[in-house]
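Chains as they are written, first to last, in UniProt numbering: chain A, 1 to 283; chain B, 1 to 315; chain C, 1 to 342.
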Amino acid sequence: MSGGMVSHGVWRRMTAGRGGVISLLYIGSIVFACFCGPFLLPFGPTSIDLHHRFLPPLAHGHVLGTDEIGRDLLARVLRGGRVSLIVGVVSTVLSSLIGTVVGIVAGYRPGGTRFLITTVIDTVLCFPVIFLLLTLAAILHPGLVTIVGIVTLVSWMEVARVAQAQTVLVRQMDYVTAVMAMGAPDRQILFREILPNIAPAIIVSATLNIARAILLESYVSYLGYGIQPPEASWGNLLNNAQEYLESDPWLAVIPGFVIALTVAMFNVLGAALREAIAPGRRA
Amino acid sequence: MTGFLLQKLGVNCLLLVLVSMVGFVLVHATPGGPLAQFALSPGMTSARLAEIAHGMGLDRPLWQQYLHWSARLATGDWGRSYRDQTPVLTMIWLHLGATAQLGLASLILSFPLGVALGIVAALRAGTRTEHLASLLSVVLLSLPTFWLGLVFIYVFSVRLGWFPAGNLTTPGHGAFMDHLRHLALPSLTLGLVSVPLWSSYTQAFAGDIWRQDHIRTARALGVPAWRIVVLHLLPEALLPLIPVAGVYLPTLLSGALVTETVFTWPGIGRLLLDSLQYRDYPVVMGLLVFSAALVLLCSLVAEILHHLCDPRLRG
Amino acid sequence: MTAPGGGPVLRVRKLGVSFGQTSLVDGLNFDVGRGEIVALVGESGSGKSVSSLAILGLLPGADISGSAVLHAPGPAGDRDGIELLGRPERLLRPLRGKRVSMIFQDPMSSLNPIRTIGAQLREILALHAGLDGRAAERRAVDLLAQVGIVDPQGCMRLIPQRLSGGMRQRVVIALAIAGGPDLLIADEPTTALDVTIQAQVLRLLLDLRADMGMAMVFITHNLAVASAIADRVVVLYAGQIVEDAPAAAFFAAPRMPYSRGLLAAAPGLDRIASGARRLGTLPGQVPPPDERGAGCRFAPRCAWMMPDPCARRMPALEHVAPAGPGGPPHLARCARLEEIGE
Ligand SMILES: Nc1ncnc2c1ncn2[C@@H]1O[C@H](COP(=O)(O)OP(=O)(O)OP(=O)(O)O)[C@@H](O)[C@H]1O
Ligand code: SF4
Ligand SMILES: [Mg+2]
Numbered sequence: 001m002s003g004g005m006v007s008h009g010v011w012r013r014m015t016a017g018r019g020g021v022i023s024l025l026y027i028g029s030i031v032f033a034c035f036c037g038p039f040l041l042p043f044g045p046t047s048i049d050l051h052h053r054f055l056p057p058l059a060h061g062h063v064l065g066t067d068e069i070g071r072d073l074l075a076r077v078l079r080g081g082r083v084s085l086i087v088g089v090v091s092t093v094l095s096s097l098i099g100t101v102v103g104i105v106a107g108y109r110p111g112g113t114r115f116l117i118t119t120v121i122d123t124v125l126c127f128p129v130i131f132l133l134l135t136l137a138a139i140l141h142p143g144l145v146t147i148v149g150i151v152t153l154v155s156w157m158e159v160a161r162v163a164q165a166q167t168v169l170v171r172q173m174d175y176v177t178a179v180m181a182m183g184a185p186d187r188q189i190l191f192r193e194i195l196p197n198i199a200p201a202i203i204v205s206a207t208l209n210i211a212r213a214i215l216l217e218s219y220v221s222y223l224g225y226g227i228q229p230p231e232a233s234w235g236n237l238l239n240n241a242q243e244y245l246e247s248d249p250w251l252a253v254i255p256g257f258v259i260a261l262t263v264a265m266f267n268v269l270g271a272a273l274r275e276a277i278a279p280g281r282r283a
Numbered sequence: 001m002t003g004f005l006l007q008k009l010g011v012n013c014l015l016l017v018l019v020s021m022v023g024f025v026l027v028h029a030t031p032g033g034p035l036a037q038f039a040l041s042p043g044m045t046s047a048r049l050a051e052i053a054h055g056m057g058l059d060r061p062l063w064q065q066y067l068h069w070s071a072r073l074a075t076g077d078w079g080r081s082y083r084d085q086t087p088v089l090t091m092i093w094l095h096l097g098a099t100a101q102l103g104l105a106s107l108i109l110s111f112p113l114g115v116a117l118g119i120v121a122a123l124r125a126g127t128r129t130e131h132l133a134s135l136l137s138v139v140l141l142s143l144p145t146f147w148l149g150l151v152f153i154y155v156f157s158v159r160l161g162w163f164p165a166g167n168l169t170t171p172g173h174g175a176f177m178d179h180l181r182h183l184a185l186p187s188l189t190l191g192l193v194s195v196p197l198w199s200s201y202t203q204a205f206a207g208d209i210w211r212q213d214h215i216r217t218a219r220a221l222g223v224p225a226w227r228i229v230v231l232h233l234l235p236e237a238l239l240p241l242i243p244v245a246g247v248y249l250p251t252l253l254s255g256a257l258v259t260e261t262v263f264t265w266p267g268i269g270r271l272l273l274d275s276l277q278y279r280d281y282p283v284v285m286g287l288l289v290f291s292a293a294l295v296l297l298c299s300l301v302a303e304i305l306h307h308l309c310d311p312r313l314r315g
Numbered sequence: 001m002t003a004p005g006g007g008p009v010l011r012v013r014k015l016g017v018s019f020g021q022t023s024l025v026d027g028l029n030f031d032v033g034r035g036e037i038v039a040l041v042g043e044s045g046s047g048k049s050v051s052s053l054a055i056l057g058l059l060p061g062a063d064i065s066g067s068a069v070l071h072a073p074g075p076a077g078d079r080d081g082i083e084l085l086g087r088p089e090r091l092l093r094p095l096r097g098k099r100v101s102m103i104f105q106d107p108m109s110s111l112n113p114i115r116t117i118g119a120q121l122r123e124i125l126a127l128h129a130g131l132d133g134r135a136a137e138r139r140a141v142d143l144l145a146q147v148g149i150v151d152p153q154g155c156m157r158l159i160p161q162r163l164s165g166g167m168r169q170r171v172v173i174a175l176a177i178a179g180g181p182d183l184l185i186a187d188e189p190t191t192a193l194d195v196t197i198q199a200q201v202l203r204l205l206l207d208l209r210a211d212m213g214m215a216m217v218f219i220t221h222n223l224a225v226a227s228a229i230a231d232r233v234v235v236l237y238a239g240q241i242v243e244d245a246p247a248a249a250f251f252a253a254p255r256m257p258y259s260r261g262l263l264a265a266a267p268g269l270d271r272i273a274s275g276a277r278r279l280g281t282l283p284g285q286v287p288p289p290d291e292r293g294a295g296c297r298f299a300p301r302c303a304w305m306m307p308d309p310c311a312r313r314m315p316a317l318e319h320v321a322p323a324g325p326g327g328p329p330h331l332a333r334c335a336r337l338e339e340i341g342e
């Protein structure tokens with residue numbers, strides 16, 4: 001079977017289930033809304049309007065209302081979504097790359113190298129992830145690059161473990177052993193045998209990782225060490241919301257709901273992908 | 001068994017050393033280093049700063065500083081807080097109780113709930129029930145902890161007035177029941193977001209066991225279904241959950257930090273946040289090392305417990 | 001050996017099992033006499049396990065039709081027997097282990113891995129014999145001794161992992177007979193065992209039949225095993241019975257071409273054989289459930305196949321002439337029985 005046919009089958013199986021279709025549609029819409037929406041809205045995400053503070057949703061043309069200094073909440077949610085999605089996707093791409101390379105090396109080189117890598121992974125995993133994230137964020141200059149970097153730094157281990165386990169498995173397969181015994185160059189084994197075999201598992205794990213990365217960014221920003229106001233991110237929209245919870249609950253409820261929904265959709269997509277790639281097998 | 005555990009112990013010791021190095025480097029790599037705090041005080045001169053640096057041993061090579069620090073760490077002297085000179089260990093100890101209460105209460109909620117959900121999903125594989133159970137798991141997995149906390153505060157505290165929105169106790173009340181009422185919302189929050197952890201593993205383990213011949217044999221010999229689930233399936237599914245718990249219990253600390261922030265709960269998560277705020281580096285370093293040590297300890301204890309509980313691993 | 005007097009313990013009529021559109025088994029008729037051992041033989045996928053699981057109500061999700069009546073022992077009462085198919089789980093469950101037991105192939109996984117043998121036996125004894133405490137303990141030890149465990153007392157405290165495969169299968173058998181059932185359905189109970197252990201377990205089952213008068217449905221791939229234990233042989237092919245005969249008659253002269261092929265392909269019936277001597281050495285394959293034609297299902301592999309009778313309609317399961325009056329019947333399903341002859 002050619003690669004194209006495999007991915008065609010995966011696509012068919014994934015879009016056969018409700019979860020796969022709904023999550024793809026949602027993710028497509030939210031990406032479109034976050035990246036194009038701000039240009040279509042009459043209000044900018046940072047334009048302050050002190051005459052219209054704390055407007056409830058649907059008042060004065062503000063679909064989701066306004067915040068404590070009269071900024072349009074919808075504009076800020078979309079703008080924040082852009083940041084959060086970028087953090088989620090970019091850090092996932094980076095951590096998947098790092099994890100794949102590190103994992104393959106560890107799977108390919110038993111002995112000292114593998115021990116070194118697993119020890120590093122175990123060391124990083126010793127720290128509760130938020131503890132590590134916050135400390136790093138507090139030490140470094142806050143900002144988009146920093147947050148992408150530190151989320152990457154705490155996320156690559158999972159992929160590395162998957163890649164290592166899969167590499168070890170592939171290397172033990174009879175035909176791979178045979179190819180290796182015939183003296184095929186490492187590069188050929190890597191690109192022809194190992195990468196195609198571990199790619200599905202890594203794609204699934206990456207999809208789930210986007211969900212996790214978006215959540216992590218929201219935690220760090222919520223706690224004040226991530227994206228700094230006035231720039232919006234899904235986490236920092238809730239920074240001050242707790243103060244106004246009594247009178248203006250939507251300031252907390254709406255952005256949080258969007259985070260939860262988006263994260264859930266990436267999780268659903270990951271599950272649908274896993275089901276489509278390895279039907280019937282459960283985590 | 002002992003060989004395996006000894007090896008595990010050795011690896012843990014190595015990891016502990018590495019962890020302390022990471023904690024040390026992280027803090028010393030900060031812009032301004034541990035001195036940043038002093039540099040900010042009014043009327044500080046560079047001469048005075050150098051004096052302080054010398055007093056703290058900061059003018060020595062980094063590796064010497066590390067050795068010095070780690071040697072004291074090993075003897076239980078974890079340094080003193082910059083803020084009020086309280087020993088770091090004392091500070092951690094004072095905040096640990098609140099976190100432990102929160103963790104325990106949320107565990108009492110999430111563990112049975114997660115295990116039940118996992119078992120139901122495993123027994124009803126391929127049906128609507130399983131899909132509903134997976135949906136519930138995905139939803140709980142995707143909720144931002146702080147948001148769930150805020151929603152609970154809004155609903156149960158602001159609107160309904162059933163439970164207080166934060167702190168350990170209401171001043172002046174101080175009774176046990178009052179304390180429990182304060183514990184309710186934080187532990188509900190942390191508990192609910194931890195449910196998917198238990199449910200996903202339980203579902204995987206129970207699903208494997210459910211397909212095995214001994215379950216079918218028990219059915220073929222007339223053992224009632226509830227007995228099979230409760231007395232055959234459950235204990236067998238719980239055993240592999242022990243090492244999982246060892247690995248994941250400490251990750252509750254992350255969720256606890258967020259929960260403690262929302263509910264102004266004075267646990268070690270809040271302590272870390274406050275210490276970061278004040279650049280109180282000895283406490284930050286102490287907390288990093290402490291939490292990592294806790295992680296290692298938990299997994300070791302769980303491993304031992306697993307070996308003691310599982311008759312297949314005994315003898 | 002012939003069945004001791006009285007009606008059959010189990011009477012199966014028109015048993016059909018299907019999953020959705022796919023029919024796995026259809027029109028199964030057979031009886032198991034009191035104390036009789038019936039061997040159910042057939043290649044992999046012929047429907048042996050599915051049929052027996054269906055009879056015990058252990059096949060969730062399957063559509064089951066027909067009837068399977070269990071007749072109680074004793075002279076009085078329950079003349080009509082108990083219909084098992086369609087019986088609600090609430091009423092069926094108490095019968096399992098007490099009146100009918102079933103055991104499976106793999107002794108390695110048939111016992112709960114984390115409970116002691118004693119605990120597992122006590123559970124069944126409490127359930128079906130109302131024994132607990134000392135009495136259960138004593139009975140459990142007796143049962144273990146009865147199935148040939150050398151140190152029954154010690155065995156009670158062990159978990160299955162500490163026992164060999166043969167020992168475990170003995171323990172499984174002890175569990176199965178603990179409720180004193182009239183019928184034991186054994187699904188390839190010896191397949192996973194070494195040849196010598198196989199012989200011991202077969203010996204044990206025969207002894208138990210002699211002691212307890214327990215009837216058995218013995219499912220196997222292995223004709224040598226069937227010839228060592230069975231009173232009667234029922235051959236299943238592609239979800240149908242194709243031959244049903246007294247063991248002696250069957251092994252002397254099987255009539256249906258499939259049975260002939262099986263027997264020809266299984267040399268050395270005098271010894272219990274293993275591995276290569278099982279069924280499935282015939283050329284060709286059993287058609288999968290959704291590729292069964294309208295005619296004789298064996299036709300694609302049959303050397304005697306003639307398009308006319310064979311492929312046109314399903315041959316019936318008929319008496320093989322000459323059937324001695326009153327003697328045990330010998331049935332076969334083949335349109336060309338007469339032409340082919342003995
Ligand atoms: N739960 C099920 N759903 C759908 N088809 C099934 C199910 N269980 C069994 N089958 C199908 O029913 C047919 C008969 O299976 P069965 O297990 O009864 O065969 P068998 O004669 O016991 O074979 P073996 O000797 O391999 O045990 C097979 O084609 C199998 O694929
Ligand atoms: S009916 Fe025809 S094909 Fe079928 S077994 Fe008899 S001879 Fe062979
Ligand atoms: Mg079978």
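For each residue, glycine too, the CB sits at the ideal point set by N, CA and C.
Proximity test, residue i beta-carbon vs ligand 1 heavy atom, cut-off 7 Å
{"i": "Gly33(C)", "result": "no"}
Exposure label - residue i; buried when at least 16 CB within 10 Å
{"i": "Phe19(C)", "result": "exposed"}
{"i": "Gly286(B)", "result": "buried"}
{"i": "Ala71(B)", "result": "exposed"}
{"i": "Gly154(C)", "result": "exposed"}
{"i": "Ile241(C)", "result": "buried"}
{"i": "Val148(A)", "result": "buried"}
Range of the contiguous alpha helix (DSSP H) that encloses residue i
{"i": "Met177(B)", "result": "Phe176 to Trp210"}
{"i": "Ser299(B)", "result": "Tyr281 to Cys309"}
{"i": "Ala265(C)", "result": "Pro257 to Ala265"}
{"i": "Arg13(C)", "result": "Arg13(C) -> not in any alpha helix (DSSP H); beta strand (DSSP E) instead, spanning Pro8 to Phe19."}
{"i": "Tyr175(A)", "result": "Asp174 to Ala181"}
Presumed contact (8 Å Cβ cut-off) between residue i and residue j, rounded CB distance
{"i": "Val31(A)", "j": "Leu85(A)", "result": "6 Å"}
{"i": "Leu117(B)", "j": "Val244(B)", "result": "Actually they are not in contact, since the Cβ atoms of Leu117(B) and Val244(B) sit about 15 Å apart, beyond 8 Å."}
Neighbour list for residue i in chain B, Cβ cutoff strictly below 8 Å
{"i": "Phe104(C)", "result": "Asp213, Arg216, Thr217 and Ala220"}
{"i": "Arg168(C)", "result": "Neighbours of Arg168(C) on chain B: none; closest Cβ ~10 Å, over 8 Å."}
{"i": "Arg96(C)", "result": "Arg219, Ala220, Leu221 and Gly222"}
Limits of the unbroken beta strand (DSSP E) element including residue i
{"i": "Ile241(C)", "result": "Gln240 to Pro246"}
{"i": "Ala68(C)", "result": "Asp63 to Leu70"}
{"i": "Glu318(C)", "result": "Leu317 to His319"}
{"i": "Asp26(C)", "result": "Thr22 to Gly33"}
{"i": "Arg87(C)", "result": "Unbroken run through Arg87(C): none, as it is neither H nor E."}
{"i": "Ile219(C)", "result": "Ala215 to Thr220"}
Contacts of residue i in chain B (Cβ-Cβ under 9 Å)
{"i": "Tyr219(A)", "result": "Pro144, Thr145, Phe146, Ser254, Leu257 and Val258"}
Check: residue i C-beta below 7 Å from any heavy atom of ligand 3
{"i": "Ser109(C)", "result": "no"}
{"i": "Asp106(C)", "result": "no"}
Partners in chain A for residue i, counting only beta-carbon separations shorter than 7 Å
{"i": "Pro250(B)", "result": "Pro128"}
{"i": "Ser291(B)", "result": "Phe127, Pro128 and Phe131"}
Listed by chain order, chain A residues near residue i by CB distance under 8 Å
{"i": "Leu296(B)", "result": "Cys126"}
So which residues touch the region around ligand 4, with touch meaning a C-beta under 7 Å from any heavy atom?
This structure lacks ligand 4; the ligands present are ligand 1, ligand 2 and ligand 3.
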